[in-house]
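> In my numbering, the protein residues as written are 3 to 529.
Even glycine gets a Cβ: it sits at the ideal position worked out from N, Cα and C.
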Amino acid sequence: MTSNISDNLSNVRTRFAPSPTGPLNPGGVRTALFSYLFAKRYGGSLILRIEDTDIERSKKEWEQDIFESMKWLGLVWDEGPDYDNQSKYIGEYGPYRQSERKEIYAKYLKKLVEEEKAYYCFCSKEELESYKQYAMSQGLPPVYPGKCRDLDQATIQKYLDEKRPFLIRFKTPKGQKITFNDAVRGKVEFDSTLLGDFSLSKGFDNPLYNFVVVIDDYEMKITDVVRGEDHISNTPKQILLQEALGLSKVRYAHLPLILNEKRQKLSKRDNVLPISAYKKEGYFPEALNNFVALLGWNPGTEKEIFSLEQLTKEFSVEKIQKAGAIFNPQKLDWLNGFYIRQKPLKELARLCIPYLEERGLIKKNEKMIRPEDELLPEVSYSIIATGENIFEDYLENAIALYKERLKKLSEIGDLVDFLFAGILEYPAEMLKWKKMTDYQELADSLNKTLELLSAIEEKDFIKENLEKILLDEAGKMPDRGFLLWPMRVALTGKMNSAGPIDIAAVLGKQRTVKRIEDAISKTRSVK
RNA sequence: GGCCCCAUCGUCUAGUGGUUAGGACGCGUGGUUCUCAUCCACGUAACACCGGUUCGACUCCGGUUGGGGCCGCCA
């Protein structure tokens with residue numbers, strides 16, 4: 003009932019056709035993703051077409067942003083003008099650009115004018131605007147009234163000779179019902195009279211959206227147009243053009259919009275970031291794809307986690323939602339945290355390192371300074387605050403400590419900074435466990451910890467031993483907090499952190515003992 | 001203003017005439033625990049309204065209300 007998609011699924015070809023007037027945002031990703039999934043689900047191809055007919059607003063940098071974001075997300079398109087089977091990976095062949103296809107459009111445009119299906123319009127912007135205002139005030143459809151529709155040949159020639167700017171308008175047939183079967187909405191119907199004589203091109207050199215889309219979709223043999231619902235009212239215009247030019251029809255699937263918290267179409271200033279910003283913040287592409295896929299689609303089961311590959315298997319147009327969906331960052335965070343926890347530690351550490359460097363915590367060393375007795379030639383770093391050398395294992399251990407409380411990679415710095423610090427700054431008062439009555443109790447606790455830790459050999463300073471020794475001692479106290487809280491604060495300088503024993507194991511004996519001693523002297527100054 | 005689209009917890013959604021209206025995020029409580037987070041358990045909360053069809057409507061039909069989109073020499 004919803005579609006005729008399932009009837010004819012051979013040679014499916016979809017396209018993602020962004021205009022490079024801004025960075026790729028979540029709304030664009032949704033259209034790109036669904037176009038991709040649609041194509042892949044039915045074994046077809048995705049075409050990327052840059053709609054840069056508006057030279058004023060189109061920028062190469064945005065085009066670049068779109069490429070990079072799609073590449074990062076793994077939304078690979080299948081062909082471009084330079085396509086050959088040897089170089090089938092992204093970036094090796096360009097996408098189609100409408101700005102490079104002007105001769106094609108001009109050919110079709112001339113045909114329409116010659117067949118008197120389109121005409122020259124010399125009306126000024128002001129004229130058009132004032133008519134629109136009038137029409138709306140009268141409750142009339144605000145469309146072009148058709149003033150230039152029947153200009154005689156002599157007048158046209160005269161204006162052309164005067165070099166007057168002109169528009170080519172489509173001679174929209176009146177009183178025609180245009181219906182199409184939308185894959186997500188079912189039958190949609192429009193009255194052609196209400197469309198008016200819409201514009202096709204500025205002069206012959208600057209073709210406009212509704213026209214070029216029709217030509218390109220035909221020329222590129224697109225079978226299925228997957229796009230946002232905001233294009234639904236352009237569809238009858240495009241169908242009329244297909245009919246006028248005798249081109250084959252395409253199927254449509256109009257996606258519900260992604261909405262802001264006020265339930266409006268997503269736009270800039272909605273605190274929704276471009277994809278490149280999500281990348282920078284430390285979101286994973288798998289989280290973004292998963293999140294965006296679930297915005298307006300679901301498999302009908304209770305499964306929530308989907309890889310891109312699983313999505314291509316389970317996706318179906320029938321399950322696409324009709325209503326718009328609000329972009330909810332909390333769920334994105336949850337998903338991203340989930341994917342972070344799934345990541346193998348080595349890989350996660352590698353991804354986190356740039357954030358630590360950027361924050362000025364560590365820097366990569368030029369030379370490898372691994373001691374000769376180790377056989378792995380690992381990369382070394384130095385801690386900027388202290389100048390100490392560390393290796394990847396230290397970083398991995400540091401990140402392991404905080405893996406499960408990370409929602410996005412950019413948070414890592416605030417969490418682990420104390421592991422890369424010299425002297426910690428914190429008030430002595432923070433060291434005191436809430437159940438302690440005086441500083442003597444605190445001093446006793448820290449001294450005990452120091453005594454126990456000092457007694458452990460450097461080579462035995464590992465989690466298992468520390469646990470055995472410290473937990474044993476802590477068990478003798480009214481509660482473990484008497485030993486563990488002061489120790490944790492001494493090691494981190496923070497109210498919240500990972501467990502003190504795990505942290506001590508990462509810091510190693512030297513740093514740990516030093517920090518306990520620092521804490522003890524801090525306590526003395528308070529007394 | 002005209003045309004088009006839409007309507008289940010706060011959010012994303014399952015549901016296709018008979019259900020204790022299910023799940024997830026969030027939030028709350030409890031457990032684990034020195035803290036935070038993770039994890040586990042439990043809880044919280046919805047069929048916009050009015051008619052009709054029917055033995056029976058969240059589900060079908062009509063209307064109302066509400067929300068959204070488009071109405072460019074943007075895409």
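Report the residue ranges of all alpha helix (DSSP H) runs contained in full by the stretch 135-168; include only those spanning at least 4 residues, in chain order.
Complete alpha helix (DSSP H) runs here, min 4: 155-163.
> Name the two residues that bound the continuous alpha helix (DSSP H) containing Asp226.
Where Asp226 is concerned, there is no enclosing alpha helix (DSSP H), although the beta strand (DSSP E) it sits in stretches over Asp226 to Gly230.
> Can Leu210 and Pro238 be called in contact, C-beta distance under 9 Å?
Taking 9 Å as the Cβ cut-off, Leu210 and Pro238 do not qualify as a contacting pair.
> Quick test of the definition: if touching needs 3 or more C-beta pairs under 8 Å, does the stretch 34-42 touch the stretch 309-320?
Touching, yes.
> For the beta strand (DSSP E) containing Leu123, list its first residue and its last residue.
First, the residue type needs correcting, since residue 123 is Cys and not Leu in the sequence shown. Segment Ala120 to Cys123, the beta strand (DSSP E) holding Cys123.
> Which whole-angstrom value is the C-beta distance of Val508 and Ala400, which I expect to be below 8 Å?
Confirmed, Cβ separation roughly 6 Å.
> Could you give the uninterrupted runs of the beta strand (DSSP E) lying entirely in the stretch 199-264, keeping only those of 3 residues or more?
Taking only runs of at least 3 residues, the beta strand (DSSP E) segments lying wholly in the stretch 199-264 are 201-204, 226-230 and 253-257.
> Is it buried or exposed for Ala279, if we count other Cβ within 10 angstroms and need 16 for buried?
It is exposed - the Cβ of Ala279 has fewer than 16 other Cβ atoms within 10 Å.
> Just the Cα atoms here: how many angstroms apart are Val528 and Ala500?
Answer to the nearest angstrom: the Cα atoms are 26 Å apart.
> What are the start and end residues of the alpha helix (DSSP H) that includes Glu70?
Unbroken alpha helix (DSSP H) run through Glu70: Lys62 to Leu75.
> Taking C-beta to C-beta, are Leu169 and Ser194 nearer than 9 Å?
Cβ distance not < 9 Å, so Leu169 and Ser194 don't count as in contact.
> In whole angstroms, what is the alpha-carbon distance linking Ser412 and Glu283?
Using only the alpha carbons, I get a separation of about 5 Å.
> Cutting at 6 Å between CB atoms, please list the residues of its own chain near Gly495, excluding the five before and the five after it.
So the qualifying residues of the chain are Phe420, Leu426 and Tyr428.
> Considering only residues of the same chain and omitting the five flanking positions on each side of Lys61, which have a CB-CB separation below 8 Å?
These residues qualify, in order along the chain: Pro22 and Thr23.
> Just to confirm my understanding: we take Gly483, look at its own chain, exclude 5 residues before and 5 after, and list those with CB closer than 6 Å. What are they?
Closer than 6 Å at the Cβ level, and outside the excluded window around Gly483, lie Trp435.
> Apart from the five residues just before and just after Tyr91, which ones in its own chain have a Cβ nearer than 8 Å to its Cβ?
Note that Tyr91 scores 47 on pLDDT, short of 50, meaning its location in the model is unreliable and no value can be drawn from it.
> Helix, strand or coil, according to DSSP, for Asn13 in the structure here?
Asn13: coil per DSSP, three-state reduction.
> How close, in whole Å, do the beta carbons of Ile503 and Leu448 come, if the pair is a contact with beta carbons under 8 Å?
Contact doesn't hold; Cβ gap of about 15 Å is too wide.
> With 16 as the cutoff for other CB atoms within 10 Å, does Pro287 come out buried or exposed?
It counts as buried.
> Counting only the same chain and skipping the five closest in sequence on each side, list residues whose C-beta sits under 7 Å from that of Ile355.
If we look at Ile355 and ignore the five residues flanking it on each side, its Cβ neighbours are Leu397.
> Measuring straight from C-alpha to C-alpha, what distance separates Gln178 and Pro276?
Their backbone Cα atoms lie some 41 Å apart in a straight line.
> For Thr181, name the three-state secondary structure that DSSP assigns.
Strand.
> Rounded to whole angstroms, what is the Cα-Cα separation between Ser12 and Ile106?
Cα to Cα, Ser12 sits roughly 27 Å from Ile106.
> Could you tell me which residues DSSP pairs with Ala327 in its beta bridges?
Answer by DSSP bridge pairing, in chain order: Ile260.
> What are the residues that DSSP puts in a beta bridge with Gly188?
Paired residues: Asp184.
> My output table needs one value for Tyr38: the three-state DSSP class, helix, strand or coil.
Of the three classes helix, strand and coil, the one that applies to Tyr38 here is helix, per DSSP.
> Rounded to the nearest angstrom, what separates Gln88 and Lys73 at their Cα positions?
A caution first: Gln88 carries a pLDDT of 44, below 50, which makes its placement in the model unreliable, though a value can still be read off. Going by the C-alpha atoms only, they are around 19 Å apart.
> Rounded to whole angstroms, what is the Cα-Cα separation between Tyr220 and Glu53?
Each residue's Cα considered, the two are about 15 Å apart.
> So, Arg17 versus Ile49, is the Cβ gap smaller than 9 Å?
Closer than 9 Å, so yes.
> Which first and last residues belong to the alpha helix (DSSP H) in which Phe293 is found?
From DSSP, the alpha helix (DSSP H) with Phe293 extends over Pro287 to Ala295.
> What alpha helix (DSSP H) runs, 4 residues minimum, are completely inside the stretch 396-433?
Segments of the alpha helix (DSSP H) lying fully in the stretch 396-433: 414-418.
> So if DSSP puts Lys366 in a beta bridge, which residue, or which two residues, is it bridged to?
Answer is Tyr383.
> In terms of DSSP beta bridges, what is Trp299 paired with?
Ile322, per the DSSP bridge assignment.
> According to DSSP, which residues form a beta bridge with Ile49?
BP columns for Ile49 point to Arg17 and Glu81.
> Of all the options Leu337, Phe200, Lys478 and Glu394, which has the alpha carbon lying nearest to the alpha carbon of Cys150?
Of the listed residues, the one whose Cα sits closest to Cys150 is Phe200.
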